[in-house]
Amino acid sequence: MNWESVLAWRVERQQLAERAPRRMSLSVVERIAGLHAQLTASAELTLWARVSGLRRDDVSRALWEEKTLVKTWAMRGTLHFMPAPELGLWVAAQGALKPRHHGGAWLRYHGLTREEADAMLDAIPRALDGRQLTREELAVEVARVTGIAGLDGKLRGGFGDLLKPAAFRGDLCFAPSEGRNVRFARPDQWLGPWEPWDQDEAVRELTRRFLSAYGPANREALARWFGMPSPVLAGRWLKALGDEAAVIEVAGQGLVMLARDVEAAAAAEPAGVVRLLPAFDHYVVAAPRDLDAVLPAEHRARVYRPQGWLSPVLLVDGRMAGVWSHERKGERVVVEVEPFGRLGRAEKAAASAEARALAAFLGGELELRWVSRSRRRDRHFS
Numbered sequence: 005m006n007w008e009s010v011l012a013w014r015v016e017r018q019q020l021a022e023r024a025p026r027r028m029s030l031s032v033v034e035r036i037a038g039l040h041a042q043l044t045a046s047a048e049l050t051l052w053a054r055v056s057g058l059r060r061d062d063v064s065r066a067l068w069e070e071k072t073l074v075k076t077w078a079m080r081g082t083l084h085f086m087p088a089p090e091l092g093l094w095v096a097a098q099g100a101l102k103p104r105h106h107g108g109a110w111l112r113y114h115g116l117t118r119e120e121a122d123a124m125l126d127a128i129p130r131a132l133d134g135r136q137l138t139r140e141e142l143a144v145e146v147a148r149v150t151g152i153a154g155l156d157g158k159l160r161g162g163f164g165d166l167l168k169p170a171a172f173r174g175d176l177c178f179a180p181s182e183g184r185n186v187r188f189a190r191p192d193q194w195l196g197p198w199e200p201w202d203q204d205e206a207v208r209e210l211t212r213r214f215l216s217a218y219g220p221a222n223r224e225a226l227a228r229w230f231g232m233p234s235p236v237l238a239g240r241w242l243k244a245l246g247d248e249a250a251v252i253e254v255a256g257q258g259l260v261m262l263a264r265d266v267e268a269a270a271a272a273e274p275a276g277v278v279r280l281l282p283a284f285d286h287y288v289v290a291a292p293r294d295l296d297a298v299l300p301a302e303h304r305a306r307v308y309r310p311q312g313w314l315s316p317v318l319l320v321d322g323r324m325a326g327v328w329s330h331e332r333k334g335e336r337v338v339v340e341v342e343p344f345g346r347l348g349r350a351e352k353a354a355a356s357a358e359a360r361a362l363a364a365f366l367g368g369e370l371e372l373r374w375v376s377r378s379r380r381r382d383r384h385f386s
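The opening position of the sequence shown corresponds to residue 5 in my numbering, with each subsequent residue numbered one higher.
This is how it looks when you write it as structure tokens:
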């Protein structure tokens, strides 16, 4: 198999070859394993890139009214909007990892003993019983229940590091914010009763989901995607699929994919697909970032930036062919696209069409600017 076919297959499997109808939105979220929600606007655009007719308030309504999505910390300890009916799957899979609060380095960093960390996590669902609390309110209540000196200050700080283990266990999720203050709830009370999956089956299903959308891959890629401390465990997860998985060769590299997908992936061909993917898009998160066929080495720093920030990407048939940005200025949506090299006429026209669709989704008039590598700007209005 060659990377050209693999990338074409990935584009199709991640719902980028053709947008799904709006009624299939939740199925798309399931297919790509949630929406990376470090930035809410990026999560919305991740779905927009894959769903036709999406409305600007669809994600918000799914989270806070319909409750078909749940906001929580998931893979890699990052915020995600996950399909609410599948919370039990993700909680069970997280349970297959060594709990963060059992690690000596984690405990030392946060100035806690193992016993204090366990007491804190046991107190969180008790504090949230029958109510939704802001971070400040939750910190005060958990400190009161545990009697641990200084715990309230620790819970207020950072990026939720002390709360993430509770989310992994299914004891905490996000509720609607109170002004600018986030609030938390118990998933069993916010969403209704739910049950964790059997852990072994959850591990196999999660591995299938990963390979189905982001394969073929090696154990290092799976470990990085899920946030495992070592690729050794990822290797065990891949082996647990048994005959469901197949080892294939892609440009001389041995990789694993689902056996049922091998024929389709080998037959896939580029179809001229062009997409504007937002920051932190799933395609970029799980792409083989050290592969020139996906992103030439000289451009990697433009996409994979310091502190884990991932740039918006111009995707052309699975290749990262440039970066882009957008800004709202009154009634205008200013979109700047900077290709890494020359685009063909059809590719440029497709990128322009994507920019028009983006402006329509955001409810503004498009101002499209093409930015050359020398930073000379050529403005185009439409």
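Cβ coordinates follow ideal geometry from the N, Cα and C atoms, glycine included. Computed from a prediction, not measured in an experiment: that's the story for all the values here.
Supposed close pair A217, R17 - CB separation, criterion 8 Å: 5 Å
How would you write the range of the alpha helix (DSSP H) that E48 sits in, first residue to last? 44 to 52
Under the assumption that A143 contacts R160 (Cβ atoms under 8 Å), give the Cβ distance between them as a whole number of angstroms. Confirmed, about 5 Å.
Residues of its chain near F284, where Cβ-Cβ distance is below 6 Å and the 5 sequence neighbours each way are ignored: H40, Q42, S46, L314
Quick check on the DSSP output: what are the complete beta strand (DSSP E) runs of length 3 or more inside the stretch 261 to 293, in order along the chain? Taken in chain order, the complete beta strand (DSSP E) segments of 3 or more residues contained in the stretch 261 to 293 are 278 to 281.
Ordered list of beta strand (DSSP E) runs contained in the stretch 55 to 140, each at least 3 residues: 73 to 77, 83 to 87
Taking G345 as the reference, give the member of M261, A357, R323 with the closest Cα. R323
Ordered list of alpha helix (DSSP H) runs contained in the stretch 136 to 216, each at least 4 residues: 139 to 150, 155 to 160, 168 to 172, 191 to 194
So, L51 versus L58, is the Cβ gap smaller than 9 Å? yes
Where the alpha helix (DSSP H) through L226 begins and ends: 223 to 230
So, at 8 Å on beta carbons, what are the nonlocal neighbours of A2 in its own chain, with the 5 sequence-adjacent residues on each side left out? Outside the displayed range of the chain (5 to 386) lies residue 2, so it cannot be described from this structure.
Quick one: what does DSSP say M324 is sitting in, helix, strand or coil? strand
Can you tell me whether R360 is helix, strand or coil according to DSSP? helix
Three CB pairs or more closer than 8 Å across the stretch 256 to 266 and the stretch 328 to 339: no
Roughly how many angstroms lie between the CA atoms of A121 and H105, to the nearest whole one? 6 Å
L237, enclosing beta strand (DSSP E) - first and last residue: Here L237 belongs to no beta strand (DSSP E); instead the alpha helix (DSSP H) covers 235 to 243.
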